[in-house]
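S.K.: The structure under discussion is supplied below as C-alpha cells; questions concerning it will follow.
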Amino acid sequence: MTKNQISLVELIQVFAQYRNNIIVNIKHLQEYYQRTGIKRIRGVRNENGELLQPWLKTEYMDDTEYVPLGEFQFNRNTATINMLVKRRVKLAKFEDQTPTIEVAGLLVNDLNTFNNYTIVSDGKINVKSLQVKISSKKVFDLLKEKGILDAEEFDFRAEHTIQLDNLPLVSANSRYSSLDGLFNELAEIKVLTSIICAHLKKESDVFIDAQLDEFKKHYLSKNIYINFPTTNEYTDINEALDNGTLDSKLSYKIDIGSQDILNLSKFPSANRFLNRMYRLYDKETGEIIVKPSFEMAFNQNLTVRHRLLSSRTKITKVDELMKPIFDDFLGLEQNGIVGSILKKVGADSLAQLLQDKQTGKQISKEEMVAALTIANTKLEQYAENIYQEKISPLVFYIGCTGVLPDQMEAKAITAEEAAAKYPNLQFSKDEQEGTFFAVSDSMIGIYAKTEYYSKEVAILNHL
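For the record, in the sequence shown the residue sitting at position 89 is 88 according to numbering that gives the first Met the number 0, with numbers rising by one throughout.
Rendered as C-alpha cells:
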C-alpha cells in the first residue's frame, strides 16, 4: 500500500456511510459489467424447451443515466462484495404495454426492482471502476484525502472515475473479532427462523388469502416485491461452453462451523426435521397426519408428540442442537431456549404469546401470525448484523489473501485429518477435498466448487 492509500474494503465503508451523497452512472456500469453467474431470463420453458413469457413486464420509471449508489454487502461465505441497486418500476401488460395500476386493492404503479452488481468476485476485482457524481464537498474532500480522486476543486456537476482495480482489497493490518460462540448463536437463530418461516409460508399479517392469490397472479410476493419466474438463458450448458457464451471458474467457499457441526448447510428444513422427529395427530380421533408441516400448526384440533425412533436411527449433533428448540417451541418441554433467543433479538411479543399458549391460553391465528412476522424480521436482521460485522469481513480477508489473519494461529488440516480428530463432523463431496482450520472452538473450512457464468456480448466486443 502506498502512502495515504486505502483498501477497497475501507472505500466500501466510506461509500456505505455517505451513499446518499453519491450517484453512479448506471449506463457505464452496465456497459462494461461482467456477470459472475449464468444469466437468467424471465419466463418458464415448456416441455419442448420453448420460453413462455410472463403476461406482465416491468418498465423503469427512472430511465436515466444516473441512479443512487447502491447498498454494499459482503457475501457470507465467499470473498465477494455486491452492490444492490434499487430502481423504481411499474408493471405493464407484455402484449400491449397497458399499465397495471391496482392489484388486490393496492396501488402498484410505484414498485421497486433490485439488481445486484458484483464488485469483487471470489477475491478478484469484477468492476474496474465506477463513474460517479458527488453532491457533498465533505465527501469529495474525504475521497481526495484518501487518494481516490484526482480533481483539484469540488464541482457537483463533474463526473469522477473512481478506479477500483488499483486498490489493495484488504488492509495489511486488518483486525478481526473472535469467532467464539458465534456459530452456535447463528445455528440457534437459523433453526428458529426456519420454524417461523415454515409457519408463515402461506400466511400474511396484512392481506387475506384472496389478495395473496391476486399478488401471485401478478408476480408479486406477499411483501409486494416483484417475483417473476426465471429460467437459465441456456438450455444446453455444454453447447454454450463450446460456443464461448458460457465459461466456468473455481469458486472458493469459506464456511464457519464448530468442531461438531461443519457449517450451517448441515441443518435440514424445519418441516423435514418435524417429519423425522415428531408426530402430528388429531386430538379427537387420534389420527396421525402422514406428512406433517408447520403450516398445519394453526389448526386447533391438532397436537404433537415425539416420534418413536427405531434403534437404527442415528442421532447427530445437528439433531441434538435442533431438538431442544423444537421441543420448547412445540410446548413439549419448557426449557426456555426459544424465549431466550427471542428476547435477545427484541422479539418479546412472540416470546410472551408462546408462553401464554403453553399455559393453555387461546391465541388467535391473526395475533400469532403478526408476532411471528415481527420475530422473523428481527431474527434475520440480528443474524445479518453478525455476518456483516464479524464473519463476512473475515471470510473476505481469507478469500483474498489465502491465509488466516495473523492473530488467528491454526494449522491447516485435510478433511481426513479433521474427521479423525473431530469424529462428529460430516463432509459433503466438495468438502472432502477442502482444507480446514480449528480456531479456538470454531472450524473454518475452505473448499472449491466449479461455477458457470455468462460471458457478456458487450464485454466481448470491447476486448
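Don't be surprised by glycine CBs; every beta carbon is placed ideally from N, CA and C.
Counting Cβ pairs, one atom from each stretch, are 3 or more of them under 8 Å apart for the segment 93-109 and the segment 200-218?
M.R.: Between the segment 93-109 and the segment 200-218 there are three or more C-beta pairs closer than 8 Å, enough to call the two in contact.
S.K.: Can you tell me the Cα-Cα spacing of residue 260 and residue 421, whole angstroms?
M.R.: On the sequence shown, residue 260 is found 261 positions in, with the first residue counted as 1. On the sequence shown, residue 421 is found 422 positions in, with the first residue counted as 1. Rounded to the nearest angstrom, the two C-alpha atoms are 10 Å apart.
S.K.: State the start and end residues of the unbroken alpha helix (DSSP H) segment that holds residue 274.
M.R.: Taking the first residue of the sequence shown as 1, we reach residue 274 at position 275. Its alpha helix (DSSP H) spans residues 269-276.
S.K.: Could you tell me the distance, in whole angstroms, from the CA atom of residue 135 to the CA atom of residue 153?
M.R.: For the purposes of this step, residue 135 is identified with residue 136 of the sequence shown, where counting begins at 1. For the purposes of this step, residue 153 is identified with residue 154 of the sequence shown, where counting begins at 1. C-alpha separation (whole angstroms): 9 Å.
S.K.: Less than 8 Å between the C-beta atoms of residue 197 and residue 257, yes or no?
M.R.: In the sequence shown, residue 197 corresponds to position 198, counting from 1. In the sequence shown, residue 257 corresponds to position 258, counting from 1. Against a cut-off of 8 Å, the Cβ pair of residue 257 and residue 197 comes out as no contact.
S.K.: With 16 as the cutoff for other CB atoms within 10 Å, does residue 312 come out buried or exposed?
M.R.: Stepping through the sequence shown from its first residue, residue 312 is reached at position 313. Answer is exposed; the Cβ neighbour count stays below 16.
S.K.: Runs of 3 residues minimum, wholly inside the segment 298-351: which ones carry the beta strand (DSSP E) assignment?
M.R.: 301-305
S.K.: If we ignore side chains and look at the alpha-carbon of each, how far apart do residue 161 and residue 40 end up?
M.R.: The count along the sequence shown starts at 1 and reaches residue 161 at position 162. The count along the sequence shown starts at 1 and reaches residue 40 at position 41. Taking the straight line from one Cα to the other gives about 31 Å.
S.K.: Relative to the C-alpha of residue 16, which candidate in 31, 68, 43 has its C-alpha closest?
M.R.: Within the sequence shown, residue 16 is the residue found at index 17, counting from 1. Here the closest residue by C-alpha is 68.
S.K.: Specify the secondary structure class of residue 115 as computed by DSSP and reduced to three states.
M.R.: Locating residue 115 in the sequence shown gives position 116, where the first residue counts as 1. Residue state, collapsed to three classes: strand.
S.K.: Taking just the CA atoms, how far does residue 442 sit from residue 435?
M.R.: By one-based count along the sequence shown, residue 435 stands at place 436. By one-based count along the sequence shown, residue 442 stands at place 443. Using only the alpha carbons, I get a separation of about 7 Å.
S.K.: Should residue 8 and residue 177 be called a contact, given that it needs their Cβ atoms to be closer than 8 Å?
M.R.: Counting from 1 along the sequence shown, the entry for residue 8 is found at position 9. Counting from 1 along the sequence shown, the entry for residue 177 is found at position 178. Contact flag unset, no.
S.K.: Can you give me the Cβ contacts of residue 354 inside the same chain, cut-off strictly under 7 Å, excluding the 5 residues immediately before and after it?
M.R.: Position 355 of the sequence shown, counted from the start, is the residue given in the question as residue 354. Only 338 meet the Cβ criterion.
S.K.: Kindly give me the distance between the Cβ atoms of residue 34 and residue 383, rounded to whole angstroms, as I take these residues to be in contact under 8 Å.
M.R.: Position 35 of the sequence shown, counting from 1, holds the residue named residue 34. Position 384 of the sequence shown, counting from 1, holds the residue named residue 383. The pair is not a contact, with the Cβ atoms about 25 Å apart (cut-off 8 Å).
S.K.: Give every residue of the same chain whose Cβ lies closer than 8 Å to the Cβ of residue 277, excluding the five residues on either side of it in the sequence, and list them in chain order.
M.R.: Along the sequence shown, read from residue 1 onward, the residue named residue 277 stands at position 278. These residues qualify, in order along the chain: 291, 303, 304, 305, 306, 325, 329.
S.K.: Hey, out of 122, 372, 111, 166, whose CA is closest to residue 224's CA?
M.R.: Translated into the one-based positions of the sequence shown, residue 224 becomes position 225. Shortest Cα-Cα distance from residue 224 to any of 122, 372, 111, 166 involves 111.
S.K.: Quick one: Cα of residue 122 to Cα of residue 168, how far?
M.R.: Residue mapping note: residue 122 aligns to position 123 of the sequence shown, counting from 1. Residue mapping note: residue 168 aligns to position 169 of the sequence shown, counting from 1. Residue 122 and residue 168: Cα-Cα distance of roughly 8 Å.
S.K.: Which of helix, strand or coil does DSSP assign to residue 462?
M.R.: Position 463 of the sequence shown, counted from the start, is the residue given in the question as residue 462. Reliability fails at residue 462, whose pLDDT of 33 lies under 50, so the model's placement of it is uncertain and the value that follows must be treated cautiously. Looking at residue 462 - three-state DSSP - the assignment turns out to be coil, as it is neither helix nor strand.
S.K.: Distance check for residue 156 and residue 143, CA to CA, integer angstroms please.
M.R.: Here the question's residue 143 lines up with position 144 in the sequence shown. Here the question's residue 156 lines up with position 157 in the sequence shown. Going by C-alpha positions, residue 143 is about 17 Å away from residue 156.
S.K.: Just tell me which of 340, 70, 423, 255 has its CA closest to the CA of residue 386.
M.R.: To locate residue 386, count along the sequence shown from 1; it is residue 387. 255 is the residue among 340, 70, 423, 255 whose C-alpha sits nearest the C-alpha of residue 386.
S.K.: For residue 353, name the three-state secondary structure that DSSP assigns.
M.R.: Working through the sequence shown from its first residue, we reach residue 353 at position 354. In the structure shown, residue 353 sits in a helix (DSSP, three-state: H, G or I).
S.K.: Where does residue 392 sit, in a helix, a strand or coil, going by DSSP?
M.R.: As a first step, residue 392 is located in the sequence shown; it is residue number 393 there, counting from the start. In the three-state reduction of the DSSP assignment, residue 392 falls in the helix class, which pools H, G and I.
S.K.: Roughly how many angstroms separate the alpha carbons of residue 90 and residue 66, rounded to a whole number?
M.R.: Against the sequence shown, residue 90 aligns to sequence position 91. Against the sequence shown, residue 66 aligns to sequence position 67. Looking at the two C-alpha atoms, the distance is approximately 20 Å.
S.K.: By Cβ distance, which residues of its chain are closer than 6 Å to residue 192, with the 5 residues on each side in sequence left out?
M.R.: The residue you call residue 192 lines up with position 193 of the sequence shown. The residues are 378.
S.K.: For residue 226 and residue 62, what's the separation of their Cα atoms in angstroms?
M.R.: Position 227 of the sequence shown, counted from the start, is the residue given in the question as residue 226. Position 63 of the sequence shown, counted from the start, is the residue given in the question as residue 62. One C-alpha to the other measures close to 21 Å.
S.K.: Leaving aside the five residues before and after residue 440 along the sequence, list all residues of the same chain whose C-beta is less than 7 Å from its C-beta, in chain order.
M.R.: Reading the sequence shown from its first residue, position 441 is the one you call residue 440. Leaving aside the five residues that flank residue 440 on each side, the residues in its chain whose CB is nearer than 7 Å to its CB run, in chain order, 179, 257, 258.
S.K.: Going along the chain, which unbroken runs of the alpha helix (DSSP H) with 4 or more residues stay wholly within the segment 181-216?
M.R.: 181-199, 208-216
S.K.: Identify the continuous beta strand (DSSP E) that holds residue 254 and give its terminal residues.
M.R.: Sequence index remark: in the sequence shown, residue 254 carries index 255 (1-based). Here the beta strand (DSSP E) through residue 254 covers 245-257.
S.K.: What are the boundary residues of the alpha helix (DSSP H) that residue 370 is part of?
M.R.: Position 371 of the sequence shown, counted from the start, is the residue given in the question as residue 370. Start and end: 364-385.
S.K.: Give me the Cα-Cα distance between residue 269 and residue 336, rounded to the nearest whole angstrom.
M.R.: The sequence position of residue 269 within the sequence shown is 270, counting from 1. The sequence position of residue 336 within the sequence shown is 337, counting from 1. Going by the C-alpha atoms only, they are around 17 Å apart.
S.K.: Return the Cβ separation of residue 76 and residue 394 in integer angstroms, given the expectation that the two are a contact with Cβ distance under 8 Å.
M.R.: If you number the sequence shown from 1, residue 76 lands on position 77. If you number the sequence shown from 1, residue 394 lands on position 395. In this structure, residue 76 and residue 394 form a Cβ contact; the two beta carbons are roughly 6 Å apart against a cut-off of 8 Å.
S.K.: Keeping to the same chain, check which residues put their C-beta closer than 7 Å to that of residue 48; ignore five residues upstream and five downstream.
M.R.: Numbered from its first residue, the sequence shown carries residue 48 at position 49. Excluding residues within five positions, the ones whose Cβ falls inside 7 Å are 234.
S.K.: Compare the beta carbon distance of residue 163 and residue 118 with 8 Å and say whether it is the shorter of the two.
M.R.: Taking the first residue of the sequence shown as position 1, residue 163 is located at position 164. Taking the first residue of the sequence shown as position 1, residue 118 is located at position 119. Result yes, Cβ atoms of residue 163 and residue 118 sit closer than 8 Å.
S.K.: Look at the alpha carbon of residue 231 and the alpha carbon of residue 247, and state the distance between them as a whole number of angstroms.
M.R.: Residue numbering aside, residue 231 sits at position 232 when the sequence shown is read from its first letter. Residue numbering aside, residue 247 sits at position 248 when the sequence shown is read from its first letter. So the alpha carbons of these two residues sit roughly 15 Å apart.
S.K.: Which one or two residues does DSSP pair with residue 45 in a beta bridge?
M.R.: Here residue 45 refers to the residue found at position 46 of the sequence shown. DSSP output for residue 45 lists no bridge partner at all.
S.K.: Terminal residues of the continuous beta strand (DSSP E) containing residue 155?
M.R.: One-based indexing of the sequence shown puts residue 155 at position 156. Taken as a continuous stretch (DSSP letters only), residue 155 belongs to no beta strand (DSSP E), as it is neither H nor E.
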